[in-house]
């Protein structure tokens with residue numbers, strides 16, 4: 001469908017192109033994610049859905065960690081580090097229902113382009129989590145301290161820059177978010193050095209309270225904690241057991 005094709009163009013395909021460069025910039029775990037993963041009980045089975053380069057998969061050696069990602073090149077990077085990973089879509093995970101003690105989704109849900117698809121992605125996280133298991137979700141926030149956004153649905157540029165040209169002051173690159181209706185191709189594209197390229201990733205920036213409103217649509221979702229950290233909203237959830 002058109003939403004899936006849009007995400008393929010402005011999310012999946014972009015990460016396939018930028019995977020090595022992206023991985024170089026993703027090495028330091030966020031504190032609240034680190035604390036959650038390292039605090040899990042010994043022997044816990046944990047899924048990192050949208051694991052990227054696997055930076056969270058090695059945080060707790062006492063747990064059994066499995067990573068999934070839609071991007072083939074990022075899963076290759078994770079696998080090269082010795083982690084267990086597979087290529088899969090967050091909307092249809094090839095994983096057994098109610099099998100994981102904990103699930104993390106770090107900076108993933110904001111890449112789905114409609115509310116319905118974002119809800120479906122979270123429902124899939126709940127499906128694979130056992131009763132009384134925990135789920136940690138983080139998403140980009142609309143209300144950021146360093147950047148101001150005029151819209152919730154934006155295309156964020158990722159600049160691939162030739163390292164030899166980094167110090168060249170004549171190289172001009174667009175900065176900041178690009179609204180969805182903006183022109184993606186630069187009018188001066190032919191004047192840019194061919195080794196430099198800008199890609200655009202789709203993001204839905206979550207406003208205050210939106211993530212909580214979304215998860216409350218899931219009957220088994222119990223919010224343990226929610227908050228703001230490093231320009232992201234996060235929510236820690238418990239999957240309530242079905243009443244018999």
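In the working numbering, the protein residues as written are 1 to 244.
C-beta: ideal position from N, C-alpha, C; glycine also.
The model shown is predicted, which means the values in this text are computed figures rather than measured ones.
- Taking 4 residues as the shortest admissible run, the stretch 27 to 81 contains the following complete alpha helix (DSSP H) segments, listed from N- to C-terminal end: 31 to 38 and 72 to 80.
- Annotated three-state conformation of residue 20 is helix, per DSSP.
- For the pair residue 75 and residue 100, the CB atoms are not nearer than the 7 Å cut-off.
- Per DSSP, the beta bridge partners of residue 156 are 201.
- Between residue 88 and residue 68, the gap from beta carbon to beta carbon is short of 7 Å.
- Out of 72, 234, 241 and 196, the CA that lies nearest to the CA of residue 109 is found in 234.
- CA-to-CA, the gap between residue 78 and residue 52 works out to about 7 Å.
- A distance below 7 Å between beta-carbons, with the five flanking residues on each side excluded, links residue 123 to the following residues of its chain, in chain order: 218.
- Assignment of residue 207 by DSSP, reduced to helix, strand and coil, places it in the coil class.
- Residue 71 counts as buried, since at least 16 other C-beta atoms from the protein chains shown sit within 10 angstroms of its C-beta.
- Inter-segment contact for the stretch 221 to 235 and the stretch 196 to 212 is present: three or more beta-carbon pairs are separated by less than 8 Å.
- In terms of Cβ geometry, residue 201 and residue 142 do not form a close pair [threshold 7 Å].
- The beta carbons of residue 229 and residue 32 sit closer together than 7 Å.
- DSSP places residue 234 in the strand class (E or B) of the three-state scheme.
- When beta bridges are read from the DSSP output, residue 136 appears opposite 104 and 236.
- Taking C-beta separations shorter than 7 Å and ignoring five residues to either side along the sequence, the partners of residue 241 in its chain run 131 and 132, following chain order.
- Contact between the stretch 90 to 107 and the stretch 39 to 59 is present: 3 or more CB-CB pairs across the two stretches fall below 8 Å.
- A residue is called buried when at least 16 other Cβ atoms come within 10 angstroms of its Cβ; residue 97 does not meet this threshold and is exposed.
- In the structure shown, residue 96 falls within a coil segment according to DSSP collapsed to helix, strand and coil.
- About 15 Å separates the beta carbons of residue 15 and residue 113, which is beyond the 8 Å limit, so they are not a contact pair.
- Beta-bridge partners of residue 227 (DSSP): 234.
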